[in-house]
DNA sequence: GAAGTATTTGGCTATATTGCCAAGTGGCCA
DNA sequence: TGGCCACTTGGCAATATAGCCAAATACTTC
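Protein chains in written order, with the numbering used here: chain A, 3 to 108; chain B, 3 to 108.
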């Protein structure tokens with residue numbers, strides 16, 4: 003694989019990788035219902051606020067979410083709602099795996 | 003987040019995470035054009051065969067690809083082609099980021 | 001300006017991932 | 001059986017990631 007191609011796939015992978023974490027996937031799912039401030043998200047996840055902030059930074063740097071400061075709060079929202087399409091596909095991957103596991107067990 | 007919910011998002015994330023690597027993304031893209039044996043993929047990527055094999059194992063364990071041994075070769079193919087939909091979304095995320103970067107620079 | 005709230009950043013340790021080499025496995029053919 | 005080929009597995013070192021605490025920043029309100 004030549005360096006140009008490699009870079010192309012690496013940069014695409016960076017976006018996907020940003021979604022590849024349980025907490026961040028949850029954050030994306032929650033943001034699909036509308037913008038949320040960090041403290042609301044922290045409440046929902048139940049981790050340290052610094053942890054949530056760092057996860058949100060990963061999503062922001064990947065271009066998946068946008069942040070907007072209002073007063074002393076920061077509101078996050080989805081920038082590309084198409085990432086929600088991942089969920090359906092993931093479900094079908096897991097479904098297929100489960101189905102095959104059952105069939106193998108017979 | 004309660005343990006059940008956490009597990010749900012963690013297992014979904016595992017599938018997405020499997021795609022979150024440049025080489026694996028390339029493998030998926032290549033497999034979208036049809037089944038390939040490990041040595042063909044190795045040729046294309048240009049890494050050690052053991053490295054390719056391990057990447058394929060990650061994709062297989064995530065349920066994204068299937069392997070089939072024929073003779074002394076192992077052929078891999080996509081099990082859930084819906085993962086290809088990720089590409090279009092990733093492009094649009096990167097497009098949006100790039101657009102915004104340009105606008106901020108003005 | 002001081003104090004309070006919301007968030008980010010720095011720094012650290014624990015853990016996970018990556019990629020190579022070497023060794024093991026299984027099928028094919030002489 | 002012996003050797004070869006395709007592939008997987010084990011093991012290791014380098015690097016990246018996760019999550020906590022503490023400290024810094026930013027905004028608001030008094």
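Heads up, the beta-carbon is just placed ideally off N, CA and C, and yes, glycines get one too.
Going along chain A in order, which residues have a C-beta closer than 9 Å to the C-beta of residue 35 of chain B? Going along chain A, no residue has its Cβ under 9 Å from residue 35 of chain B, so there is no contact; the nearest lies around 15 Å.
Can you find a heavy atom of the ligand NAP that lies under 6 Å from the Cβ of residue 51 of chain B? The ligand NAP is not part of the structure shown, which contains no ligands of any sort.
Assuming residue 20 of chain A and residue 60 of chain A are in contact, meaning their beta carbons sit under 8 Å apart, how far apart are those beta carbons, in whole angstroms? 5 Å between Cβ atoms; contact.
When you compare the CB of residue 18 of chain B with every CB in chain A, is at least one pair closer than 7 Å? The beta carbon of residue 18 of chain B falls within 7 Å of a beta carbon belonging to chain A, placing the residue at that interface.
Can residue 84 of chain A and residue 84 of chain B be called in contact, C-beta distance under 7 Å? Their beta carbons are not under 7 Å apart, which means residue 84 of chain A does not touch residue 84 of chain B by this criterion.
So residue 33 of chain A and residue 67 of chain A are in contact, right, with Cβ under 8 Å, and what is the actual spacing, rounded? That belief holds up - the Cβ atoms of residue 33 of chain A and residue 67 of chain A are roughly 6 Å apart, short of 8 Å.
Where the alpha helix (DSSP H) through residue 27 of chain B begins and ends: It spans 24-33 - the alpha helix (DSSP H) in which residue 27 of chain B sits, taken as one unbroken run.
Any 3 or more C-beta pairs closer than 8 Å across the stretch 16-30 of chain A and the stretch 50-58 of chain A: Short answer: they touch.
Which parts of the stretch 45-103 of chain A are runs of the alpha helix (DSSP H), unbroken and 4 residues or longer, counting only runs that do not cross its ends? Taking only runs of at least 4 residues, the alpha helix (DSSP H) segments lying wholly in the stretch 45-103 of chain A are 51-63.
Cβ neighbour criterion (16 or more within 10 Å) applied to residue 104 of chain B: Counting the other CB atoms within 10 Å of its CB gives residue 104 of chain B a total below 16, which places it among the exposed residues.
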